[in-house]
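In case it helps, this note's numbering puts the sequence shown at residues 19 to 357.
Only one structure is covered here, and it is reproduced in the block below.
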Amino acid sequence: MPEHRVPTRHPQGIAVPGRLRFREPSADDTAEPDDAVSKFVEEKDLPTGQVLSAAMTLRHVGVPQGAITGTDDQRPMRADALLRRMLGDDTTREAKDRVWRHIITQVRDDPANREDWNLYALGIATAGLRGRAARLTFPDDPLSHRVEAQYDLIRAFLHRMQDTVTTAAGSTRWRLDIDPPNVYSRLLGGAYDHASGRTEHRRKQLSRRPDETAAEHEARIARLKAEEPREIPVGGHEEVDAHRPKHTALPDPRGEDAVIARLQQFIAQSARMPPEYRIDPTSAELLTRTYLDGEPLGHVAADLNLSQSNASKRRATAVRQLRRVIAANKQIPQQRSDS
């Protein structure tokens, strides 16, 4: 029976060249509640289902329970149990950041168990990997395309956890800084940018072409930056629809300050509503700076330590939440101007 190792070895343990072959879960591992995690495990034909099944068999690596509860409890959590907690509405963003800081630190600093920590990380990231990989294919694509899309994203995800860059001063640092918040969102978003080709496309755009003079190159880069706010963001129809009024609608007659004040009222109101209505401060800043102030999404995302694809997704979610809040308002008071 094969072990739960990546078939082809790599110095960093990140190569996933073909179909994964892992040890089968034991009988007690399969008796799980009928929930989202169990449904992921049942997807035996997809890499995400295979890695989660394999991650559930790991016993000597695991995130301490205290990372979720904020206590000193050092008992390791099994991958499926932790994933259920991470998908729950009661798990705070700070707790999720603690979990992912622990996982990434172990991947980087524990070479003896790196492959197991990589597998554990993939298990915890199953939901996000599955959702993002779906955006790399069309609904009517054959299974082989879905499988390849998930492999591409898995490779990019594992590589981004361990990738380093050399600074101008000659020092080396990790490409993914785990100290700022939203660790998992930035990790998954960066992996998606790479797997989708967006990173390479942007690199080619910014590189000087062989037939360009220095002045022509500078002019083209300036033009790209000027056009950036007009790029349609990646997201659902809600985000695209919300993006259009920024360029076509007339200025609000009440003035920008009144619009911002009203938006802040809705955001404050959302904090007292169920979770599906709540707009977090980061998403609120994305809405204000990109839709009202007209700043490029890429610039705002960089300021907030987010990848552009993740910022786009969060903004689309915030638009849907804002619409729910507005719809929940039975009476929206009208602005009155003193004569």
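Think of the CB as a built atom: it goes at the ideal place given N, C-alpha and C, for glycine as much as any other residue.
None of these values were measured; they are calculated from a predicted model.
Short of 7 Å in beta carbon distance, which residues of its chain neighbour residue i, apart from the five on each side in sequence? Order them along the chain.
{"i": "F284", "result": "L340, V343, I344"}
{"i": "T308", "result": "L315, V318, R333"}
{"i": "K114", "result": "M104, Y202"}
{"i": "S214", "result": "L154"}
{"i": "D128", "result": "W135"}
{"i": "S288", "result": "Y295, R296, I297, Q339, V343"}
{"i": "R226", "result": "H235"}
{"i": "T184", "result": "T190"}
If you measure between the beta carbons of residue i and residue j, is that distance less than 7 Å?
{"i": "S102", "j": "V55", "result": "A small correction: the amino acid at residue 102 is Arg; Ser does not occupy that position in the sequence shown. Result yes, Cβ atoms of R102 and V55 sit closer than 7 Å."}
{"i": "V125", "j": "L100", "result": "no"}
{"i": "A130", "j": "A97", "result": "no"}
{"i": "S71", "j": "D211", "result": "no"}
{"i": "L171", "j": "A209", "result": "yes"}
{"i": "A151", "j": "Q168", "result": "yes"}
{"i": "A85", "j": "R132", "result": "no"}
{"i": "M301", "j": "G207", "result": "One detail in the question is off: residue 301 reads as Ser in this sequence, not Met. In this structure, G207 does not lie closer than 7 Å to S301 by Cβ."}
{"i": "P293", "j": "D108", "result": "no"}
{"i": "I239", "j": "I122", "result": "no"}
{"i": "L140", "j": "V69", "result": "yes"}
{"i": "P198", "j": "N323", "result": "yes"}
Going by DSSP, name the residue or residues bridged to residue i.
{"i": "P94", "result": "P82"}
{"i": "R191", "result": "V183"}
Which same chain residues end up closer than 8 Å to residue i when comparing Cβ atoms and leaving out the 5 residues on each side of it in sequence?
{"i": "L305", "result": "L281, I297, R333, A336, V337, L340"}
{"i": "D321", "result": "none"}
{"i": "E230", "result": "R238"}
{"i": "D53", "result": "R102"}
{"i": "L268", "result": "Low local confidence applies: a pLDDT of 44 at L268 is under 50, so the model's placement there is unreliable, and no value is given."}
{"i": "R111", "result": "P199, N200, D298"}
{"i": "T182", "result": "T190, R191, W192, R193"}
Near residue i, which residues of its chain fall below 6 Å by C-beta distance, leaving aside the five closest residues on each side in sequence?
{"i": "D270", "result": "Low per-residue confidence applies at D270: pLDDT is 43, beneath 50, and the placement is therefore not dependable, though the value from the model is reported in the following sentence. Excluding sequence neighbours, D270 sits near V277."}
{"i": "T266", "result": "Because the pLDDT at T266 is just 39, under 50, the model does not fix this residue reliably, and the value given afterwards should be weighed accordingly. Here the set comprises nothing."}
{"i": "H120", "result": "V81, A85"}
{"i": "A346", "result": "none"}
{"i": "R290", "result": "none"}
{"i": "W365", "result": "With the chain running from 19 to 357 in the structure shown, residue 365 is simply not present."}
{"i": "R148", "result": "T66"}
Should residue i be flagged as near chain C, meaning a C-beta pair shorter than 7 Å?
{"i": "T182", "result": "Any reference to chain C falls outside this structure, which holds one protein chain only."}
Contact the region 61-69 vs the region 154-168: 3+ CB pairs below 8 Å: With a cut-off of 8 Å, the region 154-168 and the region 61-69 count as touching, because enough Cβ pairs lie within range.
The region 319-339 in contact with the region 197-205 per 3-pair CB rule at 8 Å: Contact holds: three or more Cβ-Cβ distances are below 8 Å.
Sequence ranges, alpha helix (DSSP H) only - wholly within the region 191-215, length at least 4: The qualifying runs are 201-213.
Touch test, the region 169-179 against the region 232-241, Cβ-Cβ under 8 Å, three pairs minimum: Counting Cβ pairs under 8 Å, fewer than three are found: no touch.
Inter-stretch contact at 8 Å, needing at least 3 Cβ pairs: the region 131-140 / the region 82-92: Contact between the region 131-140 and the region 82-92 is absent, because fewer than three Cβ pairs lie under 8 Å.
Complete runs of the alpha helix (DSSP H) confined to the region 277-312 [at least 4 residues]: Counting whole runs of 4 or more residues, the region 277-312 contains the alpha helix (DSSP H) stretches 299-305.
Ordered list of alpha helix (DSSP H) runs contained in the region 318-351, each at least 4 residues: Every alpha helix (DSSP H) of 4 residues or more that sits fully in the region 318-351 is shown, in chain order, as 326-346.
Complete runs of the beta strand (DSSP E) confined to the region 118-192 [at least 3 residues]: Within the region 118-192, the complete beta strand (DSSP E) runs of at least 3 residues are 182-184, 190-192.
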